Amino acid sequence: MHSDDGARTPMIAPSLLSADFARLADEVARVADADWLHVDVMDAHFVPNLTLGRPVVEAIQAVSPIPLDCHLMIEAPERWAPGYAEVGARNVTVHAEACTGDPRDVARDIRAAGALAGLALKPGTPLERYEDVLRDFDTLLVMTVEPGFGGQAFMAEVLPKVRRARELVAAGHLRLLVEVDGGINADTIEQAAAAGADVFVAGSAVYGADDPARAIAALRAQAAGAA
Numbered sequence: 054m055h056s057d058d059g060a061r062t063p064m065i066a067p068s069l070l071s072a073d074f075a076r077l078a079d080e081v082a083r084v085a086d087a088d089w090l091h092v093d094v095m096d097a098h099f100v101p102n103l104t105l106g107r108p109v110v111e112a113i114q115a116v117s118p119i120p121l122d123c124h125l126m127i128e129a130p131e132r133w134a135p136g137y138a139e140v141g142a143r144n145v146t147v148h149a150e151a152c153t154g155d156p157r158d159v160a161r162d163i164r165a166a167g168a169l170a171g172l173a174l175k176p177g178t179p180l181e182r183y184e185d186v187l188r189d190f191d192t193l194l195v196m197t198v199e200p201g202f203g204g205q206a207f208m209a210e211v212l213p214k215v216r217r218a219r220e221l222v223a224a225g226h227l228r229l230l231v232e233v234d235g236g237i238n239a240d241t242i243e244q245a246a247a248a249g250a251d252v253f254v255a256g257s258a259v260y261g262a263d264d265p266a267r268a269i270a271a272l273r274a275q276a277a278g279a280a
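The numbering of the sequence shown is this note's numbering, which starts it at 54 and goes up by one.
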């Protein structure tokens, strides 16, 4: 699952936030050609929006043809994160800003429950503060929009964070996948790929397309060319 600087294969993770929530099983099936399915869990406290929780994630897991990438935008993630691993999510990401204790403790619990552990950083959160912590994580999610809402414009000013993470991976200081989330589409994915991202969360660029499978393939090809 880890990226290798010499042979990086872009991963596309459609965001279920852009899907039709009244037809979740069908919407999950529409993106079967993707690598991961990105599921945003929001609690209306850490972010000013409310989406879905563990019971719905468990139902999605039961019908999903691809692994779930759960992004927890919630308070007290140390309390809730292991549960999402227990229901079968492949990767469970918590926000550094939401952790009340050492994020490495959350990573340990997520891994013990059977999933990869991810750490997410808001656009304004410096990577340097967490470089040592990231040694205990499997993924780094760099937010390229402010968390909490879909459909926002891509923030290119956070790409130096992606570049720095890629440098640390290439130098052997970190061993993880670098993920970007927010405003990823045909106009922005090449910038993110060139900066060093491995995993690309795309919402409306996939679910808003007439042919999601074709959109996924096109995004993957663009990222591969830019990387």
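The beta carbon of each residue, even a glycine, is placed where N, CA and C say it ideally should be.
Keep in mind the model is a prediction, meaning the values are calculated, not measured.
Proximity of residue i and residue j at Cβ, strictly below 8 Å
i: alanine 246; j: alanine 279; result: yes
i: valine 233; j: valine 186; result: no
i: isoleucine 113; j: leucine 77; result: yes
i: alanine 206; j: glycine 236; result: yes
i: leucine 180; j: alanine 218; result: yes
i: phenylalanine 253; j: isoleucine 65; result: yes
i: aspartate 158; j: alanine 134; result: no
i: threonine 192; j: leucine 230; result: yes
i: aspartate 251; j: proline 63; result: yes
i: valine 145; j: arginine 107; result: no
i: threonine 178; j: alanine 138; result: no
DSSP beta-bridge partners of residue i
i: valine 233; result: Val195 and Phe253
i: aspartate 155; result: Answer by DSSP bridge pairing: none, since aspartate 155 is not bridged.
i: histidine 124; result: Asp93 and Thr146
i: leucine 103; result: Asp96
Contacts around residue i, its chain only, beta-carbon distance under 7 Å, and the 5 residues preceding and following it disregarded
i: alanine 72; result: Glu80 and Tyr260
i: valine 116; result: Ala78 and Val81
i: alanine 268; result: Ala258, Val259 and Ala262
i: cysteine 152; result: Pro130, Glu131 and Val159
Buried/exposed call for residue i, threshold 16 Cβ in 10 Å
i: arginine 273; result: buried
i: proline 118; result: exposed
i: histidine 226; result: exposed
i: aspartate 88; result: buried
i: arginine 182; result: exposed
i: glycine 256; result: buried
i: alanine 248; result: buried
Start-to-end residues for the alpha helix (DSSP H) that takes in residue i
i: valine 84; result: Taken as a continuous stretch (DSSP letters only), valine 84 belongs to no alpha helix (DSSP H), as it is neither H nor E.
i: valine 109; result: 107-116
i: proline 67; result: Taken as a continuous stretch (DSSP letters only), proline 67 belongs to no alpha helix (DSSP H), being part of the beta strand (DSSP E) at 64-67.
i: leucine 187; result: Note, leucine 187: premise wrong, no alpha helix (DSSP H); not H, not E.
i: glutamate 210; result: That residue, glutamate 210, is in no alpha helix (DSSP H); it is neither H nor E in DSSP.
i: alanine 274; result: 265-279
i: glutamate 181; result: Careful: glutamate 181 lies outside any alpha helix (DSSP H) and carries neither H nor E.
i: proline 135; result: 130-139
i: alanine 248; result: 242-248
Closer than 7 Å: residue i CB and nearest the ligand FMN heavy atom
i: aspartate 73; result: The ligand FMN is not among the ligands present in this structure, which contains no ligands whatsoever.
Other residues of its chain near residue i: CB distance less than 6 Å, five sequence neighbours each side excluded
i: methionine 126; result: Met95, Phe99, Val100 and Pro200
i: glutamine 275; result: Ile242 and Glu243
i: aspartate 93; result: Leu70, Thr104 and His124
Close Cβ partners of residue i (< 8 Å) along its chain, the five nearest in sequence each way excluded
i: glycine 154; result: Glu131
i: proline 176; result: Met196, Thr197, Val198, Glu199, Met208, Glu210 and Val211
i: alanine 97; result: Leu103
i: alanine 142; result: Val92, Val110, Gln114, Pro120, Leu121, Asp122, Cys123 and Ala168
i: alanine 85; result: Pro118, Ile119 and Ala266
Residue interval of the beta strand (DSSP E) (run including residue i)
i: leucine 172; result: 169-174
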